[in-house]
Amino acid sequence: MKNKKILVTGATGLLGSWLTEKLLISGNEITGLALNDELDFLLISKKIKDQINLKYFDIAIEESTNNLFDDNYDVVIHLAAQTQVGDALSNPIRTFKSNIQGTWNVLEICRKKDIPLVVASSDKAYGESAILPYEETFNLNGKFPYEVSKSATDLLCSTYRTTYGLNVSTLRCGNIYGGGDLNWERLIPGVVKWLIEGETPILRTNGTFKRDWVYVEDVVQAYIGVADALLDNKRKISEAYNFSSTEYLSVMDVYKKIVNNFSDNYVEPIIQENSEYEIKDQYLSSKKIKDELGIESIFDIDTSLTKTIKWYEEHLKSLNL
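In structure tokens form, the structure reads like this:
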């Protein structure tokens with residue numbers, strides 16, 4: 199995708215920042231949206247903040263979102279969302295406003311202006327299934343607030359596609375990791391930060407739950423691939439795709455890989471056993487996106503973890519936490 203006018207919501211987050219960087223390299227003109235400037239560090243560290251038109255406001259507010267679309271875009275990539283399961287439990291209304299109301303605001307404007315868009319969903323949209331790996335044909339059965347917000351996101355996109363013919367597709371990913379993720383409640387950045395600071399890491403569960411772990415640069419290529427397909431009128435594109443790596447690992451497996459990057463001496467974590475709202479095993483099949491669009495993960499977790507840890511070693515002190 200080159201020389202396009204693109205809106206990226208959630209442009210200052212982990213995925214948004216890496217995606218914006220890649221799109222700029224290809225000569226695209228980027229307008230970025232963020233709730234505030236609290237997460238601008240990654241754009242700044244990449245020296246690209248001044249290369250985009252960055253705006254701050256809440257997409258859950260309809261009037262603000264309308265003002266964002268004064269310009270016409272070739273494609274919209276909608277990443278902005280409240281992404282934390284814990285925050286969704288403590289503040290469900292904020293999560294529903296951000297993830298559901300924010301999404302319908304973007305969908306409605308894209309419908310009126312006939313702008314194709316890719317929308318970020320999640321493996322959590324499926325809820326829990328006894329059958330693994332999860333496929334796109336599975337029902338969307340979110341149970342807890344965050345899961346429900348992502349199920350609703352997918353359903354909203356589906357109804358706009360079916361009812362109005364909107365050119366929209368959702369991308370459902372699992373656990374995305376990479377340098378610049380400042381959400382310390384997530385496993386990889388949290389453990390890396392603790393180890394760099396010489397503290398004992400804390401795990402919310404006993405570490406047996408199995409997940410897929412997908413590197414941010416892989417996910418960037420997936421979003422660009424789906425956006426390219428939306429812009430190609432000759433290509434048939436599905437309303438939803440899963441995307442993950444093929445490495446399905448337990449939380450403890452990933453924890454041990456992180457520790458091994460720091461020392462040959464194992465660091466025993468503190469186990470909280472706080473797993474009441476956690477899905478036990480959840481990982482995705484990416485067969486559909488590979489078969490239809492030729493998109494697949496190319497980064498292995500060992501190499502990617504080393505790159506990720508190096509980022510935190512180089513930048514953690516600069517964050518002034």
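Under this note's numbering, residues 199 to 519 are what the sequence shown spells out, in order.
Don't be surprised by glycine CBs; every beta carbon is placed ideally from N, CA and C.
Cβ-based burial, residue i [other Cβ within 10 Å; buried from 16]
{"i": "residue 319", "result": "buried"}
{"i": "residue 442", "result": "buried"}
{"i": "residue 247", "result": "buried"}
{"i": "residue 231", "result": "buried"}
{"i": "residue 348", "result": "buried"}
{"i": "residue 236", "result": "exposed"}
{"i": "residue 291", "result": "exposed"}
{"i": "residue 501", "result": "exposed"}
{"i": "residue 379", "result": "buried"}
{"i": "residue 207", "result": "buried"}
{"i": "residue 370", "result": "buried"}
{"i": "residue 321", "result": "buried"}
{"i": "residue 312", "result": "exposed"}
{"i": "residue 219", "result": "buried"}
{"i": "residue 462", "result": "exposed"}
{"i": "residue 398", "result": "exposed"}
{"i": "residue 416", "result": "buried"}
Residue range of the alpha helix (DSSP H) that includes residue i
{"i": "residue 392", "result": "385-394"}
{"i": "residue 460", "result": "449-460"}
{"i": "residue 357", "result": "343-362"}
{"i": "residue 426", "result": "414-429"}
{"i": "residue 294", "result": "290-294"}
{"i": "residue 266", "result": "260-266"}
Boundaries (first-last residue) of the beta strand (DSSP E) holding residue i
{"i": "residue 228", "result": "227-232"}
{"i": "residue 281", "result": "Premise fails: residue 281 is in no beta strand (DSSP E) and is neither H nor E."}
{"i": "residue 370", "result": "366-371"}
{"i": "residue 441", "result": "438-441"}
{"i": "residue 275", "result": "273-276"}
Nearest to residue i (by Cα), restricted to the options the options
{"i": "residue 426", "options": "256, 365 and 304", "result": "365"}
{"i": "residue 346", "options": "361, 258, 282 and 439", "result": "282"}
{"i": "residue 223", "options": "308, 199 and 340", "result": "199"}
{"i": "residue 497", "options": "418, 448 and 400", "result": "418"}
{"i": "residue 305", "options": "463, 356, 409 and 447", "result": "356"}
{"i": "residue 450", "options": "471, 430 and 434", "result": "471"}
{"i": "residue 499", "options": "317, 460, 447 and 257", "result": "447"}
{"i": "residue 376", "options": "234, 505, 340 and 214", "result": "505"}
{"i": "residue 385", "options": "467, 485, 308 and 227", "result": "467"}
{"i": "residue 430", "options": "272, 350, 205 and 333", "result": "272"}
{"i": "residue 226", "options": "214, 201, 241 and 212", "result": "201"}
{"i": "residue 509", "options": "387, 297 and 445", "result": "387"}
{"i": "residue 465", "options": "249, 264 and 400", "result": "400"}
{"i": "residue 287", "options": "241, 299 and 344", "result": "344"}
Other residues of its chain near residue i: CB distance less than 7 Å, five sequence neighbours each side excluded
{"i": "residue 327", "result": "336"}
{"i": "residue 352", "result": "319, 323, 338, 368 and 438"}
{"i": "residue 428", "result": "273, 314, 316, 365, 367 and 435"}
{"i": "residue 407", "result": "448, 449, 476, 478 and 479"}
{"i": "residue 404", "result": "469 and 471"}
beta-carbon residue i near the ligand FAD non-hydrogen atom, thresh 6 Å
{"i": "residue 404", "result": "Within the structure as shown, the ligand FAD is missing, as the structure has no ligands at all."}
Curious, which full-length alpha helix (DSSP H) runs of at least 4 residues does the region 463-517 contain? 485-491 and 499-513
Unbroken stretches of the beta strand (DSSP E), 3 residues or longer, contained in the region 201-256:
203-207, 227-232 and 251-254
Only counting runs of 4 or more residues, tell me where the alpha helix (DSSP H) segments fall wholly within the region 298-340, in order along the chain. 300-311
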